[in-house]
Amino acid sequence: MSNKKLYRGSLSTIILKLLGDNGRMYGYEITQKVKALTAGELQITEGALYPALHKLEAEGHLKVEFEQVNNRMRKYYALTEDGTKEVANKLSEMEQFIQTMQQLLNPKTGLA
Amino acid sequence: MKQVTQEETQELFNLVERHAIKYYDVQIEIVDHYASAIEEIWENEPDLSFLEAQKRIYREFWDFKTLEEEKRKALIKKINKRIWKTFSSWMKLPRLVLTLISIGCFFYLYQQSEIIQKYMMLGIFSIGMLLNFYPLWRYFQLKRHLKKEFLLMDCVMASNSMALVLAMLPVNWLHYDWSHFYDLPFAIFTVVWVINILIGYQILEKNIQVIKSTYLKAA
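Structure, rendered in structure tokens:
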């Protein structure tokens with residue numbers, strides 16, 4: 001990921017959106033899903049993913065459940081009711097941000 | 113598809129432990145991530161040995177200790193939020209009525225006689241101590257049984273340490289002249305103290321149950 005810093009601020013939004021679309025997911029699955037969706041352009045590191053997941057869990061946006069898979073325990077994350085509302089908020093914030101950035105970067109388009 | 117075996121999973125736990133990650137609830141997530149990554153490598157290279165696959169993943173792996181610290185911060189935040197939410201619920205309607213009635217009853221009974229004062233305070237403080245230490249004792253039993261440490265409980269105890277300090281306060285009062293507390297602020301403080309003990313008990317118990325229901329089967 002060449003522009004890590006640009007994506008870092010959007011990590012929570014990415015996680016919430018993915019969980020909104022896919023239901024419950026586990027950590028490794030999230031990293032692989034992001035990699036696949038962006039054709040390898042965005043690769044979330046574990047060091048960034050897990051703290052973000054734990055923070056969202058602490059804020060009450062995510063709930064967790066454990067399952068025994070292939071001889072080991074797996075922790076699944078899913079949206080809570082609050083988390084579902086937060087997805088809508090975060091996405092609208094993100095759309096607003098993208099629009100503003102477009103206006104700043106392509107001022108001519110804005111004037112036309 | 114080739115899967116990580118029980119023995120190999122244990123090797124991954126040992127590896128994480130060698131990186132000074134002693135908490136089982138932190139280890140589980142790292143081990144699953146590690147094992148999932150290895151299994152993915154095996155999808156394309158099924159003949160690769162576990163050790164080789166592990167080495168390959170290990171090269172690109174993250175700082176375990178930072179992960180633990182970040183989880184600790186998130187857990188403390190979550191627990192403190194829960195403690196404060198529970199505590200403030202006692203100060204809001206309809207529970208506030210119960211809180212005020214308790215203060216009133218306590219104040220009334222306390223003024224009746226010195227004997228009632230002493231027995232009442234002794235009773236309240238003994239039950240309070242029991243409620244504070246009984247879950248701790250249960251947790252230590254559970255820990256001994258599972259032979260594992262849990263970051264969740266370390267954080268619960270860190271957050272609950274203020275409750276424990278408060279819980280010990282009445283011990284100091286026994287040395288003073290009891291009539292000094294023959295007033296309303298004392299009644300208010302005692303009721304808040306009782307609420308504090310009840311919340312501490314509730315939080316400890318809830319998290320012991322979480323550990324039991326989540327990890328007892330897996331351990």
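So the protein lines, in turn, are chains F and E.
Going letter by letter, the first sequence gives residues 1 to 112 in this note's numbering.
Going letter by letter, the second sequence gives residues 113 to 331 in this note's numbering.
Where a beta carbon is used, it is the ideal one built from N, C-alpha and C, also for glycine.
Remember, predicted model here, so these are calculated numbers, not experimental data.
Here Gln68(F) is bridged, per DSSP, to Met73(F). Residue-level contact by beta carbon holds for Arg72(F) and chain E, with a gap shorter than 8 angstroms. When the beta-carbon positions are compared, Met232(E) and Tyr220(E) stay at least 8 angstroms from each other. Of the candidates Leu19(F), Glu46(F), Glu81(F) and Leu104(F), Glu46(F) places its Cα closest to the Cα of Asp144(E). In the same chain as Glu151(E), and ignoring 5 residues on each side of it, the C-beta atoms closer than 8 angstroms to its own belong to Met113, Lys114, Gln115 and Val116, in chain order.
In the DSSP assignment, Lys63(F) is bridged to Ala78(F). Between His54(F) and chain E, the shortest Cβ-Cβ separation is below 8 angstroms. Taking C-beta atoms under 8 angstroms as the contact rule, His54(F) and Lys177(E) fail to qualify, at a distance of about 15 angstroms.
Collapsing the DSSP output to three states places Met113(E) in coil.
Residue-level contact by beta carbon fails for Thr198(E) and chain F, as no gap is shorter than 8 angstroms.
For the stretch 10–28 of chain F, the residues whose beta carbon sits under 9 angstroms from a beta carbon of chain E are, in order, Tyr26, Gly27 and Tyr28. With contacts defined by Cβ atoms closer than 8 angstroms, Leu179(E) and Tyr76(F) do not form a contacting pair. Secondary-structure assignment with DSSP links Glu261(E) through a beta bridge to Tyr135(E).
One finds Tyr28 in chain F with Cβ atoms closer than 7 angstroms to the Cβ of Ser148(E), taken in chain order. Chain-ordered, the chain E residues with CB closer than 9 angstroms to the CB of Tyr50(F) read Glu141, Ile142, His145, Trp174, Leu179, Glu182 and Lys183.
Counting along the chain, the unbroken alpha helix (DSSP H) around Ile213(E) starts and ends at Arg207 to Tyr222. Judged by their CB atoms, Leu316(E) and Pro247(E) are nearer to each other than the 8 angstroms cut-off. At a cut-off of 8 angstroms between C-beta atoms, Gln224(E) does not count as an interface residue with respect to chain F.
Taking all protein chains shown into account, Gln96(F) has fewer than 16 neighbouring C-beta atoms within 10 Å of its C-beta and is therefore exposed.
Close to Phe97(F), with beta-carbon spacing below 8 angstroms, lies no residue of chain E; the smallest spacing is near 25 angstroms. Straight-line spacing of the CA atoms in Val64(F) and Ile323(E) works out to 13 angstroms.
Residue range Gln118 to Arg130 is occupied by the alpha helix (DSSP H) that includes Asn126(E). Residue pairing by DSSP puts Met25(F) in a beta bridge opposite Tyr77(F).
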